[in-house]
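2 protein chains.
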Amino acid sequence: MASLETISSIDTAPRHPIRLVANRTGLTVDLIRAWEKRYHVVDPARSDTKRRLYSDYDIERLRLIRIAKQNGRRLVDVAPLTLEALRDVVSEDSRYDQAQDNQAEVYRPSWTSPLESTDTQDDVDAMLFAVQTMDQHRFDQLLQEGLVKQSLPAYLETVIGPLLREIGESTRLGKLRIAHEHMATAHLRTFIGALRFRETYTGSEPKIVITTPTGQLHELGALMVAALVSVDGWLPVYLGPNTPADEIVACALQSGARAVSLSLTYPADDPRIPTELTRLRSQLDGKIPLFVGGSAAAHHHELIDRLGLESPLTLDALRESLRAVRDGRYQGRIK
Amino acid sequence: MASLETISSIDTAPRHPIRLVANRTGLTVDLIRAWEKRYHVVDPARSDTKRRLYSDYDIERLRLIRIAKQNGRRLVDVAPLTLEALRDVVSEDSRYDQAQDNQAEVYRPSWTSPLESTDTQDDVDAMLFAVQTMDQHRFDQLLQEGLVKQSLPAYLETVIGPLLREIGESTRLGKLRIAHEHMATAHLRTFIGALRFRETYTGSEPKIVITTPTGQLHELGALMVAALVSVDGWLPVYLGPNTPADEIVACALQSGARAVSLSLTYPADDPRIPTELTRLRSQLDGKIPLFVGGSAAAHHHELIDRLGLESPLTLDALRESLRAVRDGRYQGRIK
DNA sequence: TTTGTCTGGACAAAACTGGGACAACATTGC
DNA sequence: GCAATGTTGTCCCAGTTTTGTCCAGACAAA
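Sequences listed follow chains S and L, in order.
All you need for the numbering used here is the position in the first sequence, starting with 1, plus 44.
All you need for the numbering used here is the position in the second sequence, starting with 1, plus 44.
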């Protein structure tokens with residue numbers, strides 16, 4: 045299990061060229077340089093030949109500044125802020141953005157003044173409360189606000205993941221009704237599905253097919269993976285849940301995918317899983333690595349071992365393995 | 045009731061540019077300046093280059109004044125009031141307002157304009173091609189572009205609906221693979237789900253519970269309904285697919301919904317449908333009208349007739365019925 | 001060779017400012 | 001009922017500040 049500080053800290057190692065930063069942030073190359081020249085918005089390291097090298101930290105900064113500008117902030121005002129201050133500003137702005145207007149003071153329970161806490165558990169609790177009271181609007185709002193407080197990968201790991209577990213657990217214990225769980229799932233489906241569009245794509249990204257196998261109807265895990273890998277420069281080919289092995293293979297081949305990722309959650313002991321995984325393994329051959337994750341993956345670990353598949357335990361581990369695949373460093377268990 | 049801490053927590057430090065104030069309050073930049081010029085509604089500080097800088101206090105003032113204007117107050121009357129006096133006025137008005145409820149004249153960006161386009165079939169074809177070639181990015185782009193050409197209701201009826209039918213048909217005929225259908229469905233799920241956020245909510249909208257009954261796993265129809273009714277000033281309580289009758293009832297009661305809408309698509313002859321509908325009908329009693337739509341609704345028309353439920357044939361008919369419910373004109377078949 | 005990045009500067013578009021005009025609408029006085 | 005008057009949202013202008021884009025010539029990478 046990856047430790048928290050590993051997850052939530054942003055890598056400050058400089059390694060990205062300016063073009064990639066432009067693609068990731070949606071800014072133009074010229075603009076990034078102009079901002080640096082005029083306001084020292086970022087101060088990238090340089091290669092030995094004076095090329096700018098940006099860190100993930102820089103990228104996050106630039107992205108936040110872009111959002112702040114969209115919200116009506118002036119560049120002069122936000123340029124000197126630290127990353128944390130930027131997050132606060134953006135978070136505050138997006139809270140008020142346009143809607144909600146009136147009713148604000150009536151509607152907001154006083155104990156949920158969000159943005160103060162850095163403790164993610166508070167966020168999760170507030171979200172659970174919103175679910176319980178069927179306050180959809182508040183739920184959406186909390187999801188949105190929480191996101192700007194940290195990086196997307198950290199958010200998925202520290203907020204969305206725990207939230208899903210707690211909702212599942214509460215429903216099982218009868219503390220939430222099925223209706224509550226359904227409502228939350230539907231909103232999360234929309235929210236996580238939209239996360240992918242935070243990235244801008246150039247068309248040259250490596251592709252990864254993401255889905256769940258036949259019988260696995262829960263798609264949120266797979267969807268989280270799709271959002272996650274898009275941050276690292278993958279183009280997810282997302283197929284939704286419940287896709288037969290043959291179809292996954294066909295899709296991987298047609299789209300020229302470099303990897304396939306499956307998510308297993310429920311039911312954990314579906315007898316179709318071994319069949320489907322075996323089939324997939326043989327048809328994908330050694331060409332395309334196959335990753336199997338999700339809470340039910342552990343239940344099949346002998347099978348996964350036997351087939352020589354990858355089964356990263358955390359989203360962070362998955363990211364790391366995929367980075368290796370992307371950069372051609374992958375020396376995995378496929379032969 | 046505005047509490048003391050609310051007031052004292054408002055920051056009087058001037059730091060927000062006018063554009064941000066416009067975003068937050070929903071006023072135009074011009075209007076904010078005009079109000080200042082004529083009535084000194086606010087008196088913002090200035091930057092060293094004469095740019096206006098507003099405080100949180102100013103923003104709160106402007107927002108309250110806007111609400112007061114919406115409630116029919118004249119600017120001359122409210123402009124000189126203190127923040128506290130403004131709060132009193134607004135809360136008094138809104139109390140009065142709640143009694144009357146439906147005023148219709150809300151601040152709703154009614155993009156229900158016709159602007160009928162002729163070549164929707166071309167759009168659908170282009171989308172089908174994108175699906176067939178697994179060009180997700182193009183698919184998303186087409187979905188997005190198509191929307192700006194016409195109103196949301198028209199778009200759903202003339203593009204999304206036909207697209208769904210053609211994808212289903214093509215897959216049945218083997219012209220598309222299941223993988224293609226899955227990909228398209230996943231993207232449409234995200235896209236339609238996000239449509240709801242184009243509307244802004246005030247908190248006083250009537251609610252409608254939208255879902256599909258047990259056994260019905262296809263949710264796109266229900267999701268379309270959710271997006272559609274939000275245009276007409278409903279707040280959809282969307283529960284996703286496959287919700288048991290008891291849960292639907294519980295949700296409707298907890299949220300105080302004024303209507304319930306179900307979507308039936310596949311399988312059309314699921315034996316659970318009669319059971320669930322009957323159960324729903326009896327538990328909702330005559331208090332909350334129940335609408336049943338979707339391609340499989342016709343298959344159950346005797347049942348629907350017998351139970352005295354509503355089954356509008358088109359999305360437009362559904363809208364019309366819901367408008368009647370909202371305005372208290374509903375004289376439907378419930379007794 | 002071709003393509004991309006670098007620096008520094010020029011230029012143009014967008015946004016903001018004060019001032020005022022004007023049309024749509026509401027209210028007042030007769 | 002009607003004209004005069006008041007109210008209010010929007011737009012235009014000309015001048016300034018802020019911000020995005022482009023260019024040229026040198027160098028680096030593929």
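Where is the CB? At the ideal position from N, CA and C, for every residue including glycine.
One or two residues paired with residue i in a DSSP bridge
i, result
"Lys113(S)", "Lys113(S) pairs with nothing; no bridge assigned."
"Val381(S)", "The question about residue 381(S) has no answer, for chain S in this structure spans 45 to 379."
"Glu354(L)", "Phe335(L)"
"Ala303(L)", "Ile252(L)"
"Tyr199(L)", "Looking at the DSSP assignment, Tyr199(L) forms no beta bridge with any residue, so it has no partner."
"Leu97(L)", "Ala89(L)"
"Thr287(L)", "Pro257(L)"
"His60(S)", "Tyr98(S)"
Cβ pair residue i, residue j closer than 7 Å
i, j, result
"Ala303(S)", "Pro333(S)", "yes"
"Ala223(S)", "Glu291(L)", "yes"
"Val275(L)", "Ser305(L)", "no"
"Gly259(S)", "Arg350(S)", "no"
"Met171(S)", "Leu207(S)", "yes"
"Ala123(S)", "Tyr98(S)", "no"
"Ser307(S)", "Gly330(S)", "no"
"Val134(S)", "Val192(S)", "yes"
"Arg96(L)", "Ile62(L)", "yes"
"Phe235(S)", "Leu283(S)", "no"
"Gly237(S)", "Leu267(S)", "yes"
"Ala294(L)", "Arg221(S)", "yes"
"Thr215(S)", "Glu225(S)", "yes"
"Arg233(S)", "Glu189(S)", "no"
"Phe183(L)", "His231(L)", "yes"
"Pro257(S)", "Glu346(S)", "no"
"Gln298(L)", "Met227(S)", "no"
Classification of residue i by the beta-carbon crowding that lies within 10 angstroms, buried from 16 upward
i, result
"Gln144(L)", "For Gln144(L), the predicted structure reports a pLDDT of 42, less than 50, and the residue's modelled location is therefore unreliable. A value from the coordinates is still provided. It is exposed - the Cβ of Gln144(L) has fewer than 16 other Cβ atoms within 10 Å."
"Tyr151(L)", "In this prediction, Tyr151(L) has a pLDDT of 33, which is less than 50 and means its spatial position is unreliable; nothing more can be read from the coordinates."
"Arg209(L)", "exposed"
"Ser154(S)", "With a pLDDT of only 26 at Ser154(S), under 50, the local geometry of the prediction cannot be trusted, and the value read off the model is given with reservation. Answer is exposed; the Cβ neighbour count stays below 16."
"His344(L)", "buried"
"Thr255(L)", "buried"
"Phe335(S)", "buried"
"Gly300(L)", "exposed"
"Arg325(S)", "buried"
"Gly372(S)", "exposed"
"Asp380(L)", "As shown, chain L starts at 45 and ends at 379. That puts residue 380(L) outside it, with no answer to give."
"Gln165(S)", "exposed"
"Glu243(S)", "buried"
"Glu128(S)", "exposed"
"Glu149(L)", "For Glu149(L), the predicted model reports a pLDDT of 35, less than 50, meaning its position is unreliable; a value from the coordinates is still stated below. With fewer than 16 Cβ atoms within 10 Å of its Cβ, Glu149(L) is classed as exposed."
"Ser91(S)", "exposed"
"Leu359(S)", "buried"
"Arg118(L)", "exposed"
"Thr229(S)", "buried"
"Thr72(L)", "exposed"
"Ala57(L)", "exposed"
"Lys81(S)", "exposed"
"Leu366(S)", "buried"
Presumed contact (8 Å Cβ cut-off) between residue i and residue j, rounded CB distance
i, j, result
"Leu264(S)", "Arg363(S)", "Incorrect: roughly 18 Å between the Cβ atoms, too far for contact."
"Asp55(S)", "Asp87(S)", "16 Å between Cβ atoms; not a contact."
"Gly277(L)", "Glu249(L)", "6 Å"
"Ala66(L)", "Gly70(S)", "Between Gly70(S) and Ala66(L) the Cβ distance is about 23 Å, and since that is not below 8 Å, they are no contact."
"Val203(S)", "Asp163(S)", "That belief does not hold up - the Cβ atoms of Val203(S) and Asp163(S) are roughly 11 Å apart, past 8 Å."
"Pro288(L)", "Leu261(L)", "Their Cβ separation, rounded to whole angstroms, is 13 Å, which puts Pro288(L) and Leu261(L) out of contact at 8 Å."
"Leu130(L)", "Ile109(L)", "7 Å"
"Ile111(S)", "Arg68(S)", "Wrong, their Cβ atoms sit about 13 Å apart, outside the cutoff."
"Gly328(S)", "Ala296(S)", "Before going on, a small fix: residue 328(S) reads as Leu here, not Gly. With a Cβ gap of about 7 Å, Leu328(S) and Ala296(S) count as contacting."
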